[in-house]
Amino acid sequence: MALKGLQASSTSGGHIWSRELGEMKANVKDVLVLRAAKDLGNPLFGMCVLGKENMMPLLFSCLFVLLQLSGNLALVVTPGDVAVLEGRSVTVPCHYDPQYIHHVKYWCQGRMKDFCTTLARSHETGDAPTAENRVSIFDDPTQLVFTVTMMDLTEGDSGWYWCGVEVRGMWHADDAAALHISVVHGMSVLNSRVHGEEGDSIDVRCQYSLRHRESEKRWCRSGDWGSCVKTDSNGTFQNEAVEIQDDQWETFTVTLKNAQRRDTGWYWCASGEQQVAVHVNVTPRATTTPSLVTDLTTLVTDVMESSDPTTCTEAVAPPARGFVQQPHNAWMPPLVICLALLLLLMGILATQKLWRYYKRSRAAKELEELESRLTVCPVREADWKNTTIVFLNTSTQQLQVLGKDKHNF
69 MALKGLQASS
79 TSGGHIWSRE
89 LGEMKANVKD
99 VLVLRAAKDL
109 GNPLFGMCVL
119 GKENMMPLLF
129 SCLFVLLQLS
139 GNLALVVTPG
149 DVAVLEGRSV
159 TVPCHYDPQY
169 IHHVKYWCQG
179 RMKDFCTTLA
189 RSHETGDAPT
199 AENRVSIFDD
209 PTQLVFTVTM
219 MDLTEGDSGW
229 YWCGVEVRGM
239 WHADDAAALH
249 ISVVHGMSVL
259 NSRVHGEEGD
269 SIDVRCQYSL
279 RHRESEKRWC
289 RSGDWGSCVK
299 TDSNGTFQNE
309 AVEIQDDQWE
319 TFTVTLKNAQ
329 RRDTGWYWCA
339 SGEQQVAVHV
349 NVTPRATTTP
359 SLVTDLTTLV
369 TDVMESSDPT
379 TCTEAVAPPA
389 RGFVQQPHNA
399 WMPPLVICLA
409 LLLLLMGILA
419 TQKLWRYYKR
429 SRAAKELEEL
439 ESRLTVCPVR
449 EADWKNTTIV
459 FLNTSTQQLQ
469 VLGKDKHNF
């Protein structure tokens, strides 16, 4: 009996244990299905939806994945990929969830978060960048953002970086967001389109990378490289219309003084073989009491200028002030050709005249010689009775017969 009771008790306990285990499985399954439905956008969660209750290995694997990824529900957001010139600085804002106000924030470099190299941490390095890694981190809990600043970047600093928040606990992974920083070599401008009113001074800030610190800086009117003005050894240039100041570190500033409407157009900031385009727009100065006569005069002037075929050329920009204007030699080739043709024609005409003169002079000389011969050899009058003299006209190839009665010597 005791054995039977024990067996019965064991059997009963086994049924109870089996029923509890089945309920636990069902509960876990419901939780996983609910979690997968909630995070349907994440493919890792979708893999954890169980189709059968006897898939225990997959169940424990999914539990581990869910626990590791639970920190992803609190987002850390970055602005995305960043490109910056070599030698300059970059500041990256990293926004985080309010529950992470008192957590440690960090900035690390590497393609994979679990194996990245930490460059800066809040609560440790402070706000100032260190001399070794040129990186600083600043946390602003009121705005729920921490910012990372990297100084004096080189091309070797290009790569993947992570904004991270430490999440303490064995079953929680750190929350982090990745971005790619590209350090490039070249030039850029703070604003590619600047504008101002007539009479104002307009500033254009041209930025360059580390390799161009010692290079000569140029400011050119687009379409005419001969109009460029250049900085001297001190990084400066100045005339009545343009001023250039180079800090010889990362920026040179071009100032258009007393801007005029004819200064409107495209320009180039240039250094070495690199250049970047800038558009300058100078608008008329606004007046508080507009004059109808002035407006009509301006309108008539604009119409006359637009109808003038000598000024209606889109390819040639109006001359800008302060530039070295190179002489326009487009008319030289046609002029040279016309001059050569004129000289050739004059040569032909001169040759013809000389040839005609030569022929006339030769005929006259031959006639003169013939007359002289007849004069120095007189004949008796009786000899002319039956004598005929024949003259050959070489120009008309005609024969003339002269008798005694028709010619007297």
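All you need for our numbering is the position in the sequence shown, starting with 1, plus 68.
Using N, Cα and C, we set each Cβ at its ideal position, and we do this for glycine too.
These numbers were taken from a predicted model, which means no experiment stands behind them.
Quiz prompt | Assigned exposure category for His171 - 16 Cβ within 10 Å defines buried | solution = Locating residue 171 in the sequence shown gives position 103, counting from the first residue. Classification of His171: buried, given that the 10 Å Cβ count is 16 or more.
Practice problem: Give the single residue among His191, Asp300 and Ser301 whose Cα lies nearest to the Cα of Glu486. | Solution: Past the boundaries of the shown model lies residue 486; the chain is included only from 69 to 477, so the question cannot be answered.
Self-check item: Unbroken beta strand (DSSP E) run spanning Gln316, endpoints
Solution: Taking the first residue of the sequence shown as 1, we reach residue 316 at position 248. Neither: Gln316 is in no beta strand (DSSP E) and is coded neither H nor E.
Quiz item: Which residue's Cα is closest to the Cα of Met180: Leu247, Thr319, His163 and Arg261?
Solution: Within the sequence shown, the letter at position 112 stands for residue 180. The candidate whose alpha carbon is nearest that of Met180 is Leu247.
Practice problem: With DSSP collapsed to three states, give me the class of Cys483. | Solution: Because the chain is modelled from 69 through 477, residue 483 falls outside the range shown and cannot be assessed.
Quiz item: Name the DSSP beta bridge partners of Ser256, please?
Solution: Within the sequence shown, the letter at position 188 stands for residue 256. Paired residues: Gln275.
Self-check item: Beta-carbon gap between Thr215 and Val160 smaller than 8 Å
Solution: Residue 215 sits at position 147 when you count from the first residue of the sequence shown. Residue 160 sits at position 92 when you count from the first residue of the sequence shown. A contact, by the Cβ cut-off of 8 Å.
Practice problem: Using only alpha-carbon positions, find the residue among Ser295, Cys288, Asp242 and Asp314 that is nearest to Gln481. | Solution: Past the boundaries of the shown model lies residue 481; the chain is included only from 69 to 477, so the question cannot be answered.
Quiz item: So who's on the other strand from Trp228, going by DSSP bridges?
Solution: To locate residue 228, count along the sequence shown from 1; it is residue 160. Trp228 pairs with His248.
Quiz prompt | For Gly333, the residue or residues it bridges with in DSSP | solution = For this step, residue 333 is matched to residue 265 along the sequence shown. Val348, per the DSSP bridge assignment.
Quiz item: With DSSP run on the structure shown, which of helix, strand or coil describes Met218?
Solution: The residue labelled residue 218 in the question sits at position 150 within the sequence shown. When DSSP states are grouped into helix, strand and coil, Met218 belongs to the strand group.
Quiz prompt | Coarse secondary structure for Gly415, derived from DSSP in three states | solution = Translated into the one-based positions of the sequence shown, residue 415 becomes position 347. In the structure shown, Gly415 sits in a helix (DSSP, three-state: H, G or I).
Quiz item: Just checking, does the segment 273-292 make contact with the segment 318-331 on the three C-beta pairs under 8 Å criterion?
Solution: yes
Quiz item: Starting from Ser295 and walking both ways along the beta strand (DSSP E), at which residues does that stretch end?
Solution: Here residue 295 is taken as the residue at index 227 of the sequence shown, counted from 1. Per DSSP, Ser295 belongs to the beta strand (DSSP E) from Asp292 to Lys298.
Practice problem: Quick one: grab the DSSP three-state call for Glu266. | Solution: Here residue 266 corresponds to residue number 198 of the sequence shown, with the count starting at 1. Residue state, collapsed to three classes: coil.
Quiz item: Does the separation of the CB atoms of Leu221 and Ser157 fall below 8 Å?
Solution: Here the question's residue 221 lines up with position 153 in the sequence shown. Here the question's residue 157 lines up with position 89 in the sequence shown. Cβ atoms of Leu221 and Ser157: closer than 8 Å.
Practice problem: Below 6 Å CB to CB, which residues in the same chain sit around Asn349 once its five sequence neighbours on both sides are set aside? | Solution: Mapped onto the sequence shown, residue 349 falls at position 281. Closer than 6 Å at Cβ, skipping near neighbours: His263 and Thr332.
Quiz item: Can you list, in chain order, the residues of its chain whose CB lies under 7 Å from that of Val251, leaving out five sequence neighbours each side?
Solution: The residue you call residue 251 lines up with position 183 of the sequence shown. Closer than 7 Å at Cβ, skipping near neighbours: Val152, Glu154, Leu221, Thr222, Glu223, Asp225 and Ser226.
Quiz item: Going straight from the alpha carbon of Glu341 to that of Ser269, what length do you get?
Solution: Residue mapping note: residue 341 aligns to position 273 of the sequence shown, counting from 1. Residue mapping note: residue 269 aligns to position 201 of the sequence shown, counting from 1. Roughly 28 Å between the two C-alpha positions.
Quiz prompt | Identified DSSP bridge partners for His163 | solution = Taking the sequence shown and counting its residues from 1, one reaches residue 163 at position 95. DSSP lists Val145 and Val213 as partners of His163.
Quiz prompt | Nearest residue (CA-CA) to Val213, options Met219, Asp182 and Ala245 | solution = Numbered from its first residue, the sequence shown carries residue 213 at position 145. When only C-alpha atoms are compared, the closest one is Ala245.
Quiz item: Under 8 Å between the Cβ atoms of Ala345 and Ser260?
Solution: In the sequence shown, residue 345 corresponds to position 277, counting from 1. In the sequence shown, residue 260 corresponds to position 192, counting from 1. Contact: yes.
Quiz item: To the nearest angstrom, how far is it from the Cα of Pro209 to the Cα of Trp175?
Solution: Counting from 1 along the sequence shown, the entry for residue 209 is found at position 141. Counting from 1 along the sequence shown, the entry for residue 175 is found at position 107. Near 17 Å, if we compare the C-alpha coordinates of Trp175 and Pro209.
Exercise. Give the DSSP-derived three-state secondary structure of Lys325 in the structure shown.
Key: Mapped onto the sequence shown, residue 325 falls at position 257. Coil at Lys325, not helix or strand.
Quiz item: Is the beta carbon of Gln328 sitting closer than 8 Å to the one on Glu266?
Solution: Here residue 328 refers to the residue found at position 260 of the sequence shown. Here residue 266 refers to the residue found at position 198 of the sequence shown. Yes, the pair counts as a contact, with Cβ atoms nearer than the cut-off.
Quiz item: Rounded to a whole number of angstroms, what is the C-alpha to C-alpha distance between Gln177 and Gln167?
Solution: Position 109 of the sequence shown, counted from the start, is the residue given in the question as residue 177. Position 99 of the sequence shown, counted from the start, is the residue given in the question as residue 167. Taken atom to atom, the span from the alpha-carbon of Gln177 to that of Gln167 is near 25 Å.
Quiz item: Using CA coordinates, which residue listed in Gly291, Arg286 and Asn307 is at the minimum distance from Val297?
Solution: The sequence position of residue 297 within the sequence shown is 229, counting from 1. Nearest of Gly291, Arg286 and Asn307 to Val297, Cα basis: Arg286.
Quiz item: How big is the Cα-Cα spacing for Gln306 and Pro401?
Solution: By one-based count along the sequence shown, residue 306 stands at place 238. By one-based count along the sequence shown, residue 401 stands at place 333. For Gln306 and Pro401, the distance between alpha carbons rounds to 36 Å.
Quiz item: Any idea if Arg236 is buried or exposed, counting beta-carbon neighbours within 10 angstroms, 16 or more meaning buried?
Solution: On the sequence shown, position 168 is the one that residue 236 refers to. Arg236 should be labelled exposed.
Self-check item: Gly254 versus Met218: straight-line alpha-carbon distance, rounded
Solution: Locating residue 254 in the sequence shown gives position 186, where the first residue counts as 1. Locating residue 218 in the sequence shown gives position 150, where the first residue counts as 1. In a straight line, the C-alpha of Gly254 is about 19 Å away from that of Met218.
Quiz item: What distance in whole Å lies between the Cβ atoms of Ile249 and Tyr229, which are believed to be in contact at a cut-off of 8 Å?
Solution: The residue labelled residue 229 in the question sits at position 161 within the sequence shown. The residue labelled residue 249 in the question sits at position 181 within the sequence shown. Taking 8 Å as the upper bound for CB-CB distance, Tyr229 and Ile249 are in contact here, some 6 Å apart.
Practice problem: In angstroms with no decimal places, state the Cα-to-Cα distance between Ser295 and Asp149. | Solution: Locating residue 295 in the sequence shown gives position 227, counting from the first residue. Locating residue 149 in the sequence shown gives position 81, counting from the first residue. For Ser295 and Asp149, the gap between their C-alpha atoms comes out near 38 Å.
Quiz prompt | Own chain, CB closer than 6 Å to Gln300, minus 5 neighbours either side, in chain order | solution = To locate residue 300, count along the sequence shown from 1; it is residue 232. Looking at the sequence provided, one finds Asp at residue 300 rather than Gln. Taken in chain order, the list of residues that qualify is empty.
Self-check item: Beta-carbon proximity check, Arg279 vs Gln316, cutoff 8 Å
Solution: Numbered from 1 along the sequence shown, position 211 holds the residue referred to as residue 279. Numbered from 1 along the sequence shown, position 248 holds the residue referred to as residue 316. It is not a contact, given that the beta carbons lie outside the stated cut-off.
Quiz item: How far does the beta strand (DSSP E) with Arg286 in it reach, from first residue to last?
Solution: To locate residue 286, count along the sequence shown from 1; it is residue 218. Start and end: Lys285 to Arg289.
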